[in-house]
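Chains as they are written, first to last, in this note's numbering: chain A, 1 to 343; chain B, 1001 to 1343; chain C, 2001 to 2343; chain D, 3001 to 3343.
Each residue gets a CB set at the ideal place from its N, CA and C atoms; glycine is no exception.
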């Protein structure tokens, strides 16, 4: 099968990684890269002297030879660029966050269906060995009924001028949650704080309640001196800890939990907790981005259904939007109270 | 100065620790121990053959020879026992949580003032080397203006029939917060979940907003397979991480943070983050409980002002009560929505 | 069965622990404690007002009522005190290191046999949950043929005036090795250095070669700023890591190892290594010393054979003696060379 | 200054890293790569379509346009290839281990002097931020007089057909030791074991004694299920721990140590140990290999003196050779004893 031509728009932080991974995938050929900053393009050419470059995104969305347009620009331009590419009958892969609004996301999916092209969103985490293994473990029923999902994703920076910490970090967690459980929350609580930029929260705490009686909590921060990437998943049979920074034991499955005894006469439950063995399955450390690129190839070649298709993108954008609304209202309340408190 | 006679009511989980520490403090003599369970009293006598024991708490509150009544019973009985002891002109040391309501706490403090006796609350954490050192560091201004306080206090169990995870674990955090900053929040958010006992939340997430613009977050759980005792304190100068389970480096001070540059023309703040050195002061590992006991002696002997007096107890009980109200309302909403969702 | 009367000689660092554990064992009664320092005896009486104390060890070895003499004095006095106690028909439990020479150890065992009493050595480590579990795992054959045992036992101090780091720390390792494998080395290498006291090595490196083709290495130090208690046991099937300071995962069993392929034509073996899962069995954290005390009771009451009997004591003392000889010769060589090098 | 043409011989494990780093250094141009395996060359061309490749090393050593020959082949071919390149007046950078014998190393250095070219050895570790910082700290006198250097460098594999674990791993440690202290040992002890390949030790323990009274110990293994890269450096003022796998705190400086008091009357030194603060300077995580490549450029351009010149290569090769001799003798003794033991 002939190589698909890839046009990459945006060569900032993530662009070079996409470049490198599309370059080595036998199904693709990186034909052209666009960035408004010539210096970035210069850097791109260092890796490949023959590479075509341009400062205009449209030069790529409109390029007749290009089959797949990869969009790694600031979020505001995702929708217009993707729309234009789709209208030219091209497949698109959009960096997360997918779109600024659910409406945009829904329109892109509609258009793509009409044009018979693929809209894919780069939820790289879904292709990590860890998430794949967690999915297997969960689906095997080993954990039992899931009672909670508790994620801490904090580090220092990386600040971005156009998105807050919610839109920067939460897409990872929301995509994983959607991938593992496919359930939408019945209630979202969100609060946080803007320390650096009065308009962009840099710490956000989110709690989601689900009909299945699972509760999910997300601690997101750009203000932590320590980097933490830890998720606890509690089931009524076993519990799992995913520490993404622990290379020896990314996953630990605890044969620990709570055993609930019969109701007492004074109708008080006396639980007993079991501390048990710990098992750490070996997590293959493939490069997730390479797996994501290969998945794009298979989807475009019709070999498999999309796991990072626009539908998931819509759900996750809706979650971000809903959370942002709650967050805004909460921050307004705090601001009002603070005014009241500080004459 | 003659030894003060101590009567200890309640010989469950914490009682033996109080017994051991009062026994070795030269200022005290453990005269009598009460517990409704003879087997517990038997265990107490193993440590001290001469010890008087009783199954009646009143035998201690009313005992003419006893100077200090230490109450380590379930919370419901704190108020009546403490009240009775105070009315007999005895000093009292009450286990945390101090009282079930702010009203009870306030009345005990009023009575004690009238009787000229001390009401003390066992906030042991305030006497750890770590908290003392954090206080010094904070007061020295080294951290700068505090922007956040983020505490994770999770483990498996220990479930208690009469309190939920909020009243069990939060008193530690609230006492530390009150001790370090002495500021009451202007807004409290709280949510959680009851997995084991439908009436007792075993996971609670709390966020507090302060007029000083500090935000505090507490992740409390009885459902975590891993025990975590970690608090991050972020200042605009430096950041501090307190990992109470790390004996080598309980405290780490990070010369890291955010440097905010001048406003950009497009009115976007471009922050830069600094990753710097880490300093771990040596934390003396004295036994906190022994220090607390010695503090009680000094307060009773009029040598020093109480750091764990009833006033702090009132403030912390009020925080617990306020949080519980928010938590209840939130859980009701979730329950209602869930009913709606699950026909 | 009536309680055995215990006399404890030596109330320094370890004595109080022995006191506490014998006191709570239902089979024993701590009748008398001896120490040359009245202040130490005072401290002992704080725990038990009725306790008899003396500054003379003989007052205990010769005491008609005492059944078991526990010796926790500096090593030089182990032999004379134990001998005298045995001659009076008493059982003895001797602190490690058992004796200063193999000859002494052998004589004590001979005498005890003649007197029909027990000589026991306090190799506490053999009663830890970790060592018991390692023994089970090893005996189950799960690890396969053992190829190496690599122990690191380093920390800062505790310096002792009468023993070097070899006699202080190696008894633990040698006892564990003897307990697990029961094989004596065919060759011992030992070297080290005296930094603080010109006559007492404070760093010692030992390598032992065994006929079974196992190699054992011991890194012992009083000069390390970090405390490490880690042992690797490599088998041709699986490998085990025992980190005694890791409470969550004291033991880790690695399904990792080396798979040797067929000889290549150029007679070079091409091994392949497997990185596999990690399993951490839950290690019960009983107090080892309490288990050791209970074992003493059972042995004295004839309920079980001694696992810490004099015979093991002889073997371990011989290992220490052999190692010391190699170490001395090596240090002399270094000293001579250094003289040569530093005019 | 015009770019120097680089010819790289050997494209196995390390070759691609050298390729990548020479490619991005502005001072160099990777002109040609040689490897006997066409598949490897194919892989090299994937990164640079214009690259010239060859299966003959001589095609590079003899190539008129090439200024620097980089040799990353098995050690046996280092000497003949380097010699031939030098004789053609080319600079050479040789992978570690430099040569198979000190004699070879000395001849290459002699020839290079005669030809006026540089012989450099790729001791990459010397260009890590950690080693540079350790050197600064040591030279500042902060650690005081060095008493020991204790390195653990163990992992599973990587087995190599032509070298044993000594020649594979020790060059790193020996280079660091030579770089930091520049002192040759007065005595070397070495022992180990061959588990997989009867002729290639896969575990080696080395102890070196120095006239300065420093003792160095190296624990090298290809048989450890856990990867450890930890070095302790003890001084009489402070102690340093370098954990190369700990990204947050690669270096920890302990204000801990031993304070020696006055001689006691019974001429026993009573040392006291201080446990103090821990300081972790931020270690810049530059890519060491890139820094090494830039250093090569500077040396070749005469801007700086070589820190990885042939002289250091000779000293390190001599250390390896001396250690191998001791090791062999020791293994022969063990083999003989084992024969004796196993009829």
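Name the chain B residues whose beta carbon is nearer than 9 Å to that of residue i?
i                       : result
residue 2049 of chain C : 1048, 1049, 1050
Please list, in chain order, all residues of the same chain as residue i whose beta carbon is under 8 Å from its beta carbon, the five residues on each side excluded.
i                       : result
residue 1267 of chain B : Residue confidence is low: residue 1267 of chain B scores 48 on pLDDT, short of 50, so the model does not pin down where it sits. Its coordinate-derived value is still stated next. Around residue 1267 of chain B: no qualifying Cβ.
residue 3025 of chain D : 3290, 3293, 3294, 3297
Which same chain residues end up closer than 7 Å to residue i when comparing Cβ atoms and leaving out the 5 residues on each side of it in sequence?
i                       : result
residue 1306 of chain B : 1118, 1120, 1299
residue 2332 of chain C : none
residue 3343 of chain D : Unreliable positioning characterises residue 3343 of chain D in this predicted model, as indicated by a pLDDT of 47, which lies under 50. The coordinate reading is nonetheless provided below. No residues qualify anywhere along the chain.
List, in chain order, every chain C residue whose beta-carbon is nearer than 8 Å to that of residue i.
i                       : result
residue 1024 of chain B : 2046
Which residues in chain A have a C-beta closer than 8 Å to the C-beta of residue i? List them in chain order.
i                       : result
residue 1032 of chain B : The premise fails here: residue 1032 of chain B is roughly 29 Å from chain A at the closest Cβ pair, so nothing lies under 8 Å.
Measuring alpha carbon to alpha carbon, tell me which of the options ends up nearest residue i.
i                       : options                        : result
residue 81 of chain A   : A/56, A/103, A/64              : A/56
residue 3239 of chain D : C/2151, C/2155, C/2191         : C/2155
residue 3012 of chain D : D/3072, D/3005, D/3066         : D/3072
residue 223 of chain A  : A/51, A/106, A/166, A/39       : A/166
residue 3281 of chain D : D/3105, D/3132, D/3090         : D/3132
residue 2002 of chain C : C/2319, C/2301, C/2323, C/2203 : C/2301
residue 2092 of chain C : C/2113, C/2204, C/2303         : C/2113
residue 1017 of chain B : B/1095, B/1079, B/1339         : B/1095
residue 3111 of chain D : D/3285, D/3089, D/3098         : D/3089
residue 2115 of chain C : C/2151, C/2085, C/2254, C/2137 : C/2085
residue 219 of chain A  : A/43, A/54, A/229, A/35        : A/229
residue 3176 of chain D : D/3107, D/3036, D/3037, D/3308 : D/3308
residue 1153 of chain B : B/1338, B/1169, B/1251         : B/1169
How would you list, in chain order, the residues of chain G whose beta-carbon sits under 7 Å from the beta-carbon of residue i?
i                       : result
residue 2275 of chain C : Going by chain labels, chain G is absent from the structure shown, which instead holds the protein chains A, B, C and D.
Beta-carbon within less than 6 Å of residue i's beta-carbon, same chain only, minus the 5 sequence neighbours each way: which residues are those?
i                       : result
residue 1288 of chain B : 1124, 1127, 1128
residue 1005 of chain B : 1029, 1031, 1065, 1066, 1067
residue 2164 of chain C : 2200, 2201
residue 1146 of chain B : 1214, 1235
residue 317 of chain A  : 98, 99, 102, 105
residue 208 of chain A  : 185, 188, 216
residue 22 of chain A   : 6, 28, 30, 293
Taking Cβ-Cβ distances shorter than 7 Å, what residues in chain D pair up with residue i?
i                       : result
residue 2125 of chain C : By Cβ distance, chain D contributes nothing, its closest Cβ being about 22 Å from residue 2125 of chain C, past 7 Å.
residue 2225 of chain C : 3239, 3241, 3254, 3256
Determine the chain B residues that contact residue i at a beta-carbon separation under 7 Å, and present them in chain order.
i                      : result
residue 187 of chain A : 1333, 1334, 1337
Under 7 Å Cβ-Cβ, which residues of chain C neighbour residue i?
i                      : result
residue 280 of chain A : 2277, 2278
Can you name the residues of chain D whose CB is closer than 8 Å to the CB of residue i?
i                       : result
residue 1249 of chain B : 3278
Who pairs with residue i in a beta bridge, going by DSSP?
i                       : result
residue 70 of chain A   : A/8, A/93
residue 254 of chain A  : A/239, A/278
residue 2219 of chain C : C/2152, C/2205
residue 193 of chain A  : A/203
residue 2052 of chain C : C/2032
Residue i touches chain C at which residues, Cβ-Cβ below 9 Å?
i                       : result
residue 3246 of chain D : Ordered by position in chain C, no residue passes the 9 Å Cβ test against residue 3246 of chain D, which lies about 12 Å from the chain.
List, in order along the chain, the chain B residues whose C-beta lies closer than 8 Å to that of residue i?
i                      : result
residue 147 of chain A : 1193, 1195, 1223
residue 209 of chain A : 1191, 1193, 1334, 1337, 1338
Can you pull the chain D neighbours of residue i, defined as C-beta to C-beta under 9 Å?
i                       : result
residue 2203 of chain C : 3147, 3148, 3150, 3215, 3217, 3234
| beta strand (DSSP E) segments (min. 3 residues) lying fully within the segment 2277-2336 of chain C | 2278-2280
| Runs of alpha helix (DSSP H) wholly within the segment 3089-3167 of chain D (minimum 4 residues, chain order) | 3102-3115, 3129-3139
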